[in-house]
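Peer 1: Line order of the protein sequences matches chains D and Z. The first sequence begins at 1 in this note's numbering and counts up by one. The second sequence begins at 1001 in this note's numbering and counts up by one. C-beta atoms are modelled at their ideal positions from N, C-alpha and C, and glycine is treated no differently.
There are 2 protein chains.
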Amino acid sequence: MASRILVVEDEVAIRDMLSFVLEQHGYETLEADNYQAALDHLHEPYPDLILLDWMFPGGSGIQLLKFLKQDEILRQIPVVMLTARGEEEDKVRGLENGADDYVTKPFSPKELMARLKTVMRRVNPTSLDDTLKVGKLKLDPISHRATLSDTPLDMGPTEFKLLHFFMTHPERVYSREQLLNNVWGTNVYVEDRTVDVHIRRLRKALSDHDHLVQTVRGAGYRFSTRS
Amino acid sequence: MASRILVVEDEVAIRDMLSFVLEQHGYETLEADNYQAALDHLHEPYPDLILLDWMFPGGSGIQLLKFLKQDEILRQIPVVMLTARGEEEDKVRGLENGADDYVTKPFSPKELMARLKTVMRRVNPTSLDDTLKVGKLKLDPISHRATLSDTPLDMGPTEFKLLHFFMTHPERVYSREQLLNNVWGTNVYVEDRTVDVHIRRLRKALSDHDHLVQTVRGAGYRFSTRS
DNA sequence: GGCATTATGACATTTATATGACAATCACAC
DNA sequence: GTGTGATTGTCATATAAATGTCATAATGCC
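#1: Tell me, please, whether the CB atom of Gln106(D) is closer than 9 Å to any CB atom in chain Z?
#2: Taking only beta carbons into account, state which residues of the stretch 6 to 22 of chain D come closer than 9 Å to chain Z, listed in chain order.
#3: Measuring CA to CA, which of Val12(D), Met17(D), Leu18(D), Val7(D) is closest to Leu39(D)?
#4: Between Pro152(D) and chain Z, is any beta-carbon pair separated by less than 9 Å?
#5: May I ask you to list the residues that DSSP assigns as paired with Pro1152(Z)?
#6: On the DSSP letters alone, give me the boundaries of the beta strand (DSSP E) that Glu31(D) sits inside.
#7: What residue range is occupied by the uninterrupted beta strand (DSSP E) comprising Arg15(D)?
#8: Only counting the same chain, and skipping five residues up and downstream in sequence, which positions put a Cβ closer than 6 Å to that of Pro109(D)?
#9: Any beta carbon of chain Z sitting closer than 9 Å to that of Glu171(D)?
#10: Check whether the Cβ atoms of Leu18(D) and Leu51(D) lie closer than 9 Å to each other.
#11: Give the secondary structure of Tyr1035(Z) by DSSP, where H, G and I count as helix, E and B as strand, and everything else as coil.
#12: So, is the C-beta of Val216(D) closer than 9 Å to a C-beta in chain Z?
#13: Interface residues of chain Z around Glu111(D) at Cβ under 9 Å?
#14: Based on Cα-Cα distance, which residue from Gly61(D), Tyr221(D), Val173(D), Asn97(D) lies nearest to Lys69(D)?
#15: Short check: CB of Thr1126(Z) to CB of His1169(Z), under 9 Å?
#16: For Arg1222(Z), which three-state DSSP category applies?
#17: If you run the structure through DSSP and keep just helix, strand and coil, what is Ala1084(Z)?
#18: Check the Cβ of Ala205(D) against every Cβ in chain Z and list those closer than 8 Å, keeping chain order.
#19: So Ser1003(Z) contacts chain D; which residues on that side make the cut at Cβ distance below 7 Å?
#20: Is it true that the stretch 187 to 196 of chain D meets the stretch 1156 to 1174 of chain Z, where meeting means three or more beta-carbon pairs spaced less than 8 Å apart?
#21: I'd like to confirm the pairing. Which residues does DSSP put opposite Ile229(D) in its beta bridges?
#22: DSSP three-state label for Arg1121(Z), please.
#23: Could you check where the beta strand (DSSP E) with Leu139(D) kicks off and where it finishes?
#24: From this set, Leu1139(Z), Asp1129(Z), Leu1049(Z), which residue's C-alpha is nearest Gly1026(Z)'s C-alpha?
#25: Classify Ile142(D) as buried or exposed, calling it buried when 16 or more other Cβ atoms lie within 10 Å of its own Cβ.
#26: Among the candidates Met55(D), Ala2(D), Gln178(D), Pro152(D), whose CA atom is the shortest distance from the CA of Gln1024(Z)?
#27: Quick one: what's got a C-beta closer than 6 Å to Glu1009(Z)'s C-beta in the same chain, skipping five residues either side?
#28: Within 10 angstroms of the Cβ of Val79(D), are there 16 or more other Cβ atoms? Answer buried if so, exposed if not.
#29: Are the Cβ atoms of Ala944(Z) and Met1055(Z) separated by less than 9 Å?
#30: Here's the rule I'm using: 16 or more other beta-carbon atoms within 10 Å means buried, otherwise exposed. How should Val1216(Z) be labelled?
#31: I'd like the span of the alpha helix (DSSP H) that includes Arg1203(Z), first residue to last.
#32: Considering only their Cβ atoms, is the gap separating His1209(Z) from Gly1135(Z) smaller than 9 Å?
#33: Could you check how far apart the C-beta atoms of Ser48(D) and Arg4(D) are, in whole angstroms? I think they sit under 8 Å.
#34: DSSP on Leu1162(Z), reduced to helix/strand/coil?
#35: Rank Lys1066(Z), Pro1106(Z), Tyr1035(Z), Met1120(Z) by C-alpha distance to the C-alpha of Leu1095(Z) and give the top, closest one.
#36: Exposed or buried, which one is Thr186(D) when buried takes at least 16 other CB atoms within 10 Å?
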């Protein structure tokens, strides 16, 4: 059950961008490019958050915001406003009318996700990160636990991060260097070969599911459900 | 292995966004937020493409563009301009000065990737990451896997590269020497006859599709769907 | 047939990956 | 603090795979 985010934004380019970033981070997105379309999404199952462009056709953002806050159910859905840079009054007016936060266009993915997470954590601490599943293998970022057929797997933090990265980026080869950058972080000087060792530890932890982590000779490693 | 894209853009939010989208699509990114930083990236290994903001500090986009086009090597790197919406003259001026295409801010990830791919296809068709298909035979550079009717084929790195080259250059004879240059790389001293052996290994891997790799007596080999 | 070219199997060598061990470091309980 | 176990990165070694070359067989061409 991924969190669902309703994106209310009339400009298709920005809407696409928001959807892309959100989906890459594991959210489901609903899209609306006008007032009525936004209303059409406001029924069960309700979105978990609304990303609302301040200015959009068929009713400005504040109009929809006010409408939401009048409804007993809808008012509980957190709203993050999208404002143009420098429009300070917009932000103030938005926050005064019940918006939970705002993001200024243009935005970096990092900033966007950070704000969304903060807001969602504040409103509903449990709905945040989703469990990743691949067959019997599950990875739950919340409890920070990986299980196989509901049996907890024993692995270190690095292996957990590695598995998390793999599960969010399956069916794709990654060189040792890329894995170091993505899992260990950039500006970390660690031997390439160290990756091998952690791969082995991860495979060990996965026991009879170690085939999910595949060696691609001369290229790196790949997480794949196919043999 | 992955294409490298130099992003020249001063606004951090937009730069982050570009990097995020590009990296999600498997590109490596280099970042520069000013003229000098951009120049610092222009050495080997050269970026495969430059994404250039029209207006950025320490020299406008066109300035850098002109500089690039004066250099024999650098001029070959394709350039995609980032322009503000509505600035039609900018686009025209950019294209006149050698830019290969432009993307208007704000942009959707889909549009961005489409334009980049188009440009890269025009310049260097082999550097692309698209799945290659010939009948039931598929080669996916992203997962680094060759399949026949979705069954993974077992072959070594050299055979994989060889097949990749063939699939991107079908219906054309290549001498052993040409194959060595293209697949093994230049400055590699290897016997001509070695190619025969790898051809055989590739055919073996292709099993009942080995007819795709054809011998052209006295000339070399050819990858062809026609018998 | 006789010559030239290619196919194939075998093999030694090189290269890449897997694995076990270990010392240093870290996290946390006491 | 101090102790204790877990974790981490690195190394040495084992194992496995890939590579290039050769000798020889097979094939095509005149």
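Peer 2: Quick look at the numbers:
#1: Here residue 106(D) refers to the residue found at position 106 of the first sequence. For clarity, residue 106(D) is Pro in the given sequence; the question names Gln instead. Yes - at least one Cβ of chain Z is within 9 Å of the one on Pro106(D).
#2: Glu11, Val12, Ala13, Ile14, Arg15, Asp16, Met17, Ser19, Phe20, Val21
#3: Here residue 39(D) is taken as the residue at index 39 of the first sequence, counted from 1. If we check each option's Cα against that of Leu39(D), Val7(D) comes out closest.
#4: The count along the first sequence starts at 1 and reaches residue 152(D) at position 152. False, the Cβ-Cβ gap to chain Z never drops below 9 Å.
#5: Against the second sequence, residue 1152(Z) aligns to sequence position 152. Beta-bridge pairing links Pro1152(Z) to Thr1147(Z).
#6: Against the first sequence, residue 31(D) aligns to sequence position 31. Segment 28 to 32, the beta strand (DSSP E) holding Glu31(D).
#7: Within the first sequence, numbered from 1, the residue matching residue 15(D) stands at position 15. First-last for Arg15(D): 12 to 24, but that is the alpha helix (DSSP H), not the beta strand (DSSP E).
#8: As a working note, residue 109(D) is residue 109 in the first sequence. Within the same chain, Pro109(D) has close Cβ partners Val21.
#9: Indexing the first sequence from 1 puts residue 171(D) at position 171. Judged by the 9 Å Cβ criterion, Glu171(D) is in contact with chain Z.
#10: Here residue 18(D) refers to the residue found at position 18 when the first sequence is read from its first residue. Here residue 51(D) refers to the residue found at position 51 when the first sequence is read from its first residue. The answer is yes: Cβ separation under 9 Å.
#11: Locating residue 1035(Z) in the second sequence gives position 35, where the first residue counts as 1. Here Tyr1035(Z) sits in helix by DSSP.
#12: Numbered from 1 along the first sequence, position 216 holds the residue referred to as residue 216(D). Taking Cβ atoms only, chain Z reaches closer than 9 Å to Val216(D), which makes this a yes.
#13: Mapped onto the first sequence, residue 111(D) falls at position 111. Near Glu111(D) (Cβ distances below 9 Å), the residues of chain Z are Ala1013, Asp1016.
#14: For the purposes of this step, residue 69(D) is taken as the residue at position 69 of the first sequence. Comparing Cα-Cα distances from Lys69(D) to each of Gly61(D), Tyr221(D), Val173(D), Asn97(D), the minimum goes to Asn97(D).
#15: What you label residue 1126(Z) is simply residue 126 of the second sequence in a count that begins at 1. What you label residue 1169(Z) is simply residue 169 of the second sequence in a count that begins at 1. Going by C-beta atoms, Thr1126(Z) is nearer than 9 Å to His1169(Z).
#16: What you label residue 1222(Z) is simply residue 222 of the second sequence in a count that begins at 1. It is a strand residue.
#17: Residue mapping note: residue 1084(Z) aligns to position 84 of the second sequence, counting from 1. Ala1084(Z): strand per DSSP, three-state reduction.
#18: Numbered from 1 along the first sequence, position 205 holds the residue referred to as residue 205(D). Those do not exist, as Ala205(D) stays about 23 Å from chain Z at its closest Cβ, beyond 8 Å.
#19: Working through the second sequence from its first residue, we reach residue 1003(Z) at position 3. Under the 7 Å cutoff, chain D gives no residues; its nearest Cβ is about 13 Å from Ser1003(Z).
#20: no
#21: Missing from the structure shown is residue 229(D); chain D here goes from 1 to 227 and no further.
#22: Taking the second sequence and counting its residues from 1, the one referred to as residue 1121(Z) is at position 121. Of the three classes helix, strand and coil, the one that applies to Arg1121(Z) here is helix, per DSSP.
#23: As a working note, residue 139(D) is residue 139 in the first sequence. Segment 137 to 140, the beta strand (DSSP E) holding Leu139(D).
#24: Sequence index remark: in the second sequence, residue 1026(Z) carries index 26 (1-based). When each option's Cα is compared against that of Gly1026(Z), the closest is Asp1129(Z).
#25: Reading the first sequence from its first residue, position 142 is the one you call residue 142(D). It is exposed - the Cβ of Ile142(D) has fewer than 16 other Cβ atoms within 10 Å.
#26: The residue given as residue 1024(Z) occupies position 24 in the second sequence. The residue with the shortest Cα to Cα distance from Gln1024(Z) is Gln178(D).
#27: Within the second sequence, the letter at position 9 stands for residue 1009(Z). Closer than 6 Å at the Cβ level, and outside the excluded window around Glu1009(Z), lie Arg1015, Asp1053.
#28: Indexing the first sequence from 1 puts residue 79(D) at position 79. Under this definition Val79(D) is a buried residue.
#29: Residue 944(Z) lies beyond the range of chain Z shown here (1001 to 1227); nothing can be said about it.
#30: In the second sequence, the residue the question calls residue 1216(Z) occupies position 216. Label assigned to Val1216(Z): exposed.
#31: Taking the second sequence and counting its residues from 1, the one referred to as residue 1203(Z) is at position 203. 1194 to 1206 is the extent of the alpha helix (DSSP H) around Arg1203(Z).
#32: Taking the second sequence and counting its residues from 1, the one referred to as residue 1135(Z) is at position 135. Taking the second sequence and counting its residues from 1, the one referred to as residue 1209(Z) is at position 209. Yes. Within cutoff.
#33: Position 48 of the first sequence, counted from the start, is the residue given in the question as residue 48(D). Position 4 of the first sequence, counted from the start, is the residue given in the question as residue 4(D). It should be noted that the sequence gives Asp, not Ser, for residue 48(D). Right, the Cβ-Cβ distance comes to about 5 Å (below 8 Å), so this counts as a contact.
#34: For the purposes of this step, residue 1162(Z) is taken as residue 162 along the second sequence, with counting starting at 1. If DSSP states are grouped into helix, strand and coil, Leu1162(Z) belongs with the helices.
#35: Reading the second sequence from its first residue, position 95 is the one you call residue 1095(Z). If we check each option's Cα against that of Leu1095(Z), Lys1066(Z) comes out closest.
#36: Taking the first residue of the first sequence as 1, we reach residue 186(D) at position 186. Per the 10 Å Cβ criterion, exposed.
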